[in-house]
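**Student:**
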Amino acid sequence: MQFQYWNAEIEKMPRAELEALQLKRLKKEIEIALRAPFYKERLSKVGIKSSDDIKTLADLNKIPFTTKDDLRDGFPYGFLSIPKDEVVRLHSSSGTTGIPTVIYFSKEDIKQWAGYMARCIFATGCTKSDVFQNMITYGLFTGGLGFHQGGEEVGMLTIPAGAGNTARQFKMMQDYQTTVLHATPSFLLHLETKMKEAGVPRESLFIKKAFGGAEPYSEDTRKRIEALLKVDVYNSYGLSEMNGPGVAFECQCKDGLHIWEDGYIAEIVNPDTLQPAKDGETGELVLTILCREATPILRYRTRDLTSFYTEPCACGRTHRKLKRITGRSDDMLIINGVNVFPSQIEEVIMSLKEVGNNYLIVVEKDGALDKLTVKTEVNAEIFMDDSRHLNALKEKIIETLQTSISISPKVELHESGSLPISEGKAVRVHDNRPKDV
Ligand code: AMP
Ligand code: ZN
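Residue 473 is where the sequence shown starts when you use this note's numbering, and the numbers rise one by one after that.
1) Go to K882, then tell me how far its alpha helix (DSSP H) extends in each direction, as first and last residue.
2) Rounded to whole angstroms, what is the Cα-Cα separation between I520 and I526?
3) Compute the distance between the beta-carbons of S578 and A840, then report whether it is under 8 Å.
4) Please report the distance separating the alpha-carbon of Q605 from that of Q646.
5) Under 7 Å from any heavy atom of the ligand ZN, does the C-beta of C598 make it?
6) Distance check for R696 and D842, CA to CA, integer angstroms please.
7) For H563, which residues does DSSP report across the bridge?
8) Check whether the Cβ atoms of G799 and L777 sit closer than 8 Å, and answer yes or no.
9) Looking only at its chain, what residues have a beta carbon closer than 7 Å to the beta carbon of E580, apart from the 5 residues adjacent to it on each side?
10) What does the alpha-carbon distance come out to for the pair D542 and R674?
11) Might you give, ordered along the chain, the residues of its own chain that have their beta carbon closer than 6 Å to the beta carbon of L660, omitting 5 neighbours on each side?
12) Indicate whether Y781 and R792 have their beta-carbon atoms separated by less than 8 Å.
13) Nearest CA to the CA of Y838: which residue from P892, P768, A595, I807?
14) Suppose the cutoff is 8 Å on Cβ atoms and the five residues either side in sequence are ignored; what does the same chain contact list for Y648 look like?
15) For S878, which beta-bridge partners are listed by DSSP?
16) Output needed for T754: all residues of its chain with C-beta closer than 8 Å, excluding positions within five of it in sequence on either side, in chain order.
17) Determine the closest residue to D472 out of G615, H861, K540, with distance taken between C-alpha atoms.
18) My understanding is that I929 touches R561, with C-beta atoms under 8 Å, so please give their C-beta distance in whole angstroms.
19) May I have the straight-line CA-CA distance separating G889 from L862, to the nearest angstrom?
20) Is L844 close to the ligand GTP? I mean its beta-carbon at under 7 Å from any heavy atom of the ligand.
21) Once you ignore the five residues that flank T464 on each side, which residues in its own chain have a CB closer than 7 Å to its CB?
22) For Q476, name the three-state secondary structure that DSSP assigns.
23) Near the ligand ZN, which residues have their beta-carbon less than 6 Å from any of its heavy atoms, given in chain order?
24) Whose C-beta lies closer than 7 Å to the C-beta of G945 among residues of the same chain, with five residues either side of it excluded?
25) Under the DSSP definition of a beta bridge, which residues are partnered with I807?
26) Less than 8 Å between the C-beta atoms of R507 and L762, yes or no?
27) Could you give the first and the last residue of the continuous beta strand (DSSP E) run that contains L711?
28) Across which residues does DSSP place R773 in a beta bridge pair?
29) List the endpoints of the continuous alpha helix (DSSP H) containing G828.
30) Cβ-heavy atom distance between G546 and the ligand AMP below 7 Å?
31) For a minimum of 4 consecutive residues, which ranges assigned as the alpha helix (DSSP H) are wholly contained in the region 565–641?
32) Of all the alpha helix (DSSP H) runs that stay within the bounds of the region 656–717, which reach a length of 4 or more residues?
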């Protein structure tokens, strides 16, 4: 196989040099962090007053972990480390409470991010001759703009198609002779069904590659998409706290995701003991960003479960590879690429006085896509009421949930006392999607 490198010097850098570069950048990132109110306090508590207190990479251990709750506690400016007028963009994601986690970017940060993204895209064999249709949500979500900038950086004709509307997507693919797609794996699977329904012949399309990320999927799902759409599928991993996509990506070997270690320090820890996992053992990924000046984040607990490959990659890159993410160490659900915490749903349901005490969240597959159903008990007198009231209540729940979690679930109202009650700890989430990872 002929491999190509966006930045061969960095991508194939010998490990010892790579680690020296990491240490240099970590020290710089510590200086940056000390300018952010949150870390100024946190680091001084553990005796880190300047980058001189970090002498080796092992000194990272002195720094406490950062969690999503810390980011929320620091909202809106606790993690900002440059003057506000140097900030050119923000991205944010919602969470368990109404407080979002927000990441700020300087001009240089955006440039850095685009560079890492370009590196990922180029590693899959794309060139400036490709036409790239980015079929993912733009806006506060990082998948849209992140991939967009990377595509442009590579020099590809980059189409900001956005998510949904398969008919329009097919039309664009035909009109502009798209060769590369990016979408969630569920949307890629869905696309094939729609292609058949719409009578779009595969021969009328020019697609060769697809990037799939933002949610977990198995090797079998990859193979299925590849067989159905006749494209090569590459796994893309990232999270908004670490810029978004561009953290780890598969190369042409399609066997594990290279994590760009000049931009991120990756650790894998046992989620219970928080001690380092043994070589090759599965644990929670912890990341420190080394390539951002506006919002430093040190030792972030991603909650994503994975392990390192122990063998080097045939492509010659020296940056370690991560196995597919197999799940999370918290209860976050990913529904068609959108992150949802069960507590967000509970908050909405319990704020409505018509709703009873018991509820159930059911996630299942509806064709290729995920379907969310919220079953909730309603007070007896309302249940006996006329069906117009029940329908109005249903609509109200759907609307409120849509505002809170950006998903319109199916809502079922049940008579008080009719939903199953589990003995012991309540099991309110039934995730019935096949677990084939
Ligand atoms: P967000 O911050 O909204 O971009 O969501 C980031 C989360 O999406 C990650 O922490 C993962 O749980 C999940 N995620 C992103 N990419 C992948 C992937 N390729 N495989 C599995 N999960 C992913
Ligand atoms: Zn490789």
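Even glycine gets a Cβ: it sits at the ideal position worked out from N, Cα and C.
**Tutor:** According to the structure data:
1) Taken as a continuous stretch (DSSP letters only), K882 belongs to no alpha helix (DSSP H), being part of the beta strand (DSSP E) at 882–887.
2) 8 Å
3) no
4) 11 Å
5) no
6) 17 Å
7) I575
8) yes
9) E765
10) 48 Å
11) A682, G684, I697
12) yes
13) The identity of residue 838 in the sequence shown is Asp, whereas the question assumes Tyr. Looking at the Cα atoms, I807 is the closest of the given residues.
14) V603, Q605, L629, I631
15) In the DSSP output, where bridge partners are listed per residue, S878 has none listed.
16) I740, L777, T778, S779, K795, T798
17) No answer is possible for residue 472: it lies beyond the span of the chain, which begins at 473 and ends at 909.
18) One cannot answer for residue 929 here, as it falls past the ends of the chain, which runs 473 to 909.
19) 17 Å
20) As presented, the structure is devoid of the ligand GTP, carrying the ligand AMP and the ligand ZN as its sole ligands.
21) This structure cannot speak to residue 464, because the chain is shown only from 473 to 909.
22) coil
23) C723, C725, H730, C785, C787, R789
24) This structure cannot settle anything about residue 945, because the visible part of the chain is limited to 473 through 909.
25) V810
26) no
27) 704–711
28) V758
29) Counting along the chain, G828 falls outside any alpha helix (DSSP H), though it belongs to the beta strand (DSSP E) covering 827–838.
30) no
31) 579–595, 614–626
32) 657–669, 691–701
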